[in-house]
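Chains as they are written, first to last, in UniProt numbering: chain D, 1 to 123; chain B, 1 to 123.
Beta carbons are placed, not taken as given, at the ideal position from N, Cα and C, and that holds for glycine.
Report on the structure given below.
There are 2 protein chains.
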Amino acid sequence: MKLEVSCTRAEADHQQILRCKESLNSNADSIEDISRLMALAGNEVRFKILFLLQKEFELCPCDFADILEMSVPAVSQHLRKMKDAKIIGARREGQTIFYHISKKNESFFAAILTNVQSKRKIA
Amino acid sequence: MKLEVSCTRAEADHQQILRCKESLNSNADSIEDISRLMALAGNEVRFKILFLLQKEFELCPCDFADILEMSVPAVSQHLRKMKDAKIIGARREGQTIFYHISKKNESFFAAILTNVQSKRKIA
DNA sequence: TAATTATTTAAGCAAATACTTAAATAAATA
DNA sequence: TATTTATTTAAGTATTTGCTTAAATAATTA
């Protein structure tokens with residue numbers, strides 16, 4: 001891949017391009033963090049898990065397996081990804097492990113999940 | 001995969017499970033829509049494109065190629081995905097095509113992209 | 001302590017993703 | 001009209017993802 005300027009159009013605004021590069025650079029960490037969160041929430045199964053956790057506060061892997069009609073290991077692997085990313089947390093009660101949305105990301109996902117309900121009203 | 005109830009724990013709240021299933025069902029369309037948006041925005045390159053479009057209003061494929069330091073076809077394929085999903089729109093000016101965030105999703109992404117800046121302040 | 005139950009982990013595989021390079025469109029200009 | 005420029009499209013490929021099945025942990029109960 002060429003690393004030179006790819007476009008030679010006269011109208012190209014080089015100040016704008018520089019400004020954009022700097023903006024990406026100074027926000028690099030949070031851009032990476034948030035796009036990672038979005039990628040995790042962008043899987044339909046995980047999005048449903050987050051949607052349900054917001055409504056019910058906490059649920060266990062076998063609840064999810066029942067509700068989503070999928071295997072327990074498949075659910076468990078999704079939960080693990082979100083737990084690794086600190087999107088959700090876990091609490092043990094005997095053999096059962098209850099998952100919940102972590103405090104840290106509660107408001108972020110609340111803002112996104114709001115759109116599920118509002119969109120339904122419109123439709 | 002077994003389609004039966006996967007978990008036999010006595011404490012399982014069958015009303016809760018039913019309520020969850022119904023909630024997913026009645027919101028199925030918007031859940032699918034929004035998780036699809038999230039998946040598209042969850043790619044770091046596309047997230048950067050949206051971030052830049054929010055700041056600069058409109059940019060062309062070769063601007064993005066310069067700024068993101070990647071090939072024009074690679075950029076173009078990301079733009080196409082977002083255009084197909086109506087996340088962004090396009091306007092032609094001679095040979096140059098300028099992309100912008102579509103009115104429809106402007107506020108949705110604004111809410112998400114806000115977190116980029118605020119997170120930077122905290123850090 | 002042995003068996004059962006809930007969950008996780010690991011290996012394997014099919015599908016999806018994101019790039020590459022080359023070719024095709026489309027508009028501007030010589 | 002031929003050439004250049006901006007963009008898109010298409011084919012090929014390596015990587016990632018999300019499932020499956022089987023085995024491993026961990027806690028409860030008989």
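Starting from the beta carbon of D84 (chain D), find every residue of chain B whose beta carbon is closer than 8 Å, and list them in chain order. Taking the first sequence and counting its residues from 1, the one referred to as residue 84 (chain D) is at position 84. Under the 8 Å cutoff, chain B gives no residues; its nearest Cβ is about 16 Å from D84 (chain D).
Note down, in chain order, each residue of its chain lying with its Cβ closer than 8 Å to the Cβ of S102 (chain B), except the 5 sequence neighbours on either side. The residue you call residue 102 (chain B) lines up with position 102 of the second sequence. Only K86, I87, I88, G89 meet the Cβ criterion.
Nearest candidate by alpha-carbon position, reference D66 (chain D), set B:C20, B:V116, B:K48, B:F64: Here residue 66 (chain D) refers to the residue found at position 66 of the first sequence. For D66 (chain D), the closest alpha carbon among the candidates B:C20, B:V116, B:K48, B:F64 is that of B:C20.
Can you pull the chain B neighbours of S76 (chain D), defined as C-beta to C-beta under 8 Å? Here residue 76 (chain D) is taken as the residue at index 76 of the first sequence, counted from 1. Within 8 Å Cβ-Cβ: nothing; S76 (chain D) doesn't reach chain B, min ~11 Å.
Can you find a C-beta in chain B that's less than 8 Å from the C-beta of A123 (chain D)? Residue numbering aside, residue 123 (chain D) sits at position 123 when the first sequence is read from its first letter. Note on A123 (chain D): pLDDT 44, under 50, position unreliable in the model; the coordinate value appears next. Yes, contact with chain B.
Backbone secondary structure at R9 (chain B) - three-state DSSP: Here residue 9 (chain B) refers to the residue found at position 9 of the second sequence. Three-state DSSP puts R9 (chain B) in coil, outside helix and strand.
Against chain B, does F57 (chain D) count as a neighbour if the rule is that its beta carbon must be under 8 Å from one of theirs? In the first sequence, the residue the question calls residue 57 (chain D) occupies position 57. F57 (chain D) does not count as touching chain B.
Along the chain, where does the alpha helix (DSSP H) containing F47 (chain B) start, and where does it finish? Translated into positions along the second sequence, residue 47 (chain B) becomes position 47. Run containing F47 (chain B): 44 to 56, per the alpha helix (DSSP H) assignment.
When every heavy atom of the ligand HEM is checked, does at least one fall within less than 7 Å of the C-beta of N43 (chain D)? Absence of the ligand HEM from the depicted structure is noted, as is the absence of any ligand whatsoever, leaving it without description.
Using C-beta distances below 6 Å, list every residue in its chain close to S76 (chain D), excluding the 5 sequence neighbours before and after it, in chain order. Locating residue 76 (chain D) in the first sequence gives position 76, where the first residue counts as 1. Here S76 (chain D) has P61 as same chain residues with Cβ atoms under 6 Å from its own Cβ, once five neighbours each way along the sequence are excluded.
To which residues does DSSP link E69 (chain D) through a beta bridge? One-based indexing of the first sequence puts residue 69 (chain D) at position 69. Looking at the DSSP assignment, E69 (chain D) forms no beta bridge with any residue, so it has no partner.
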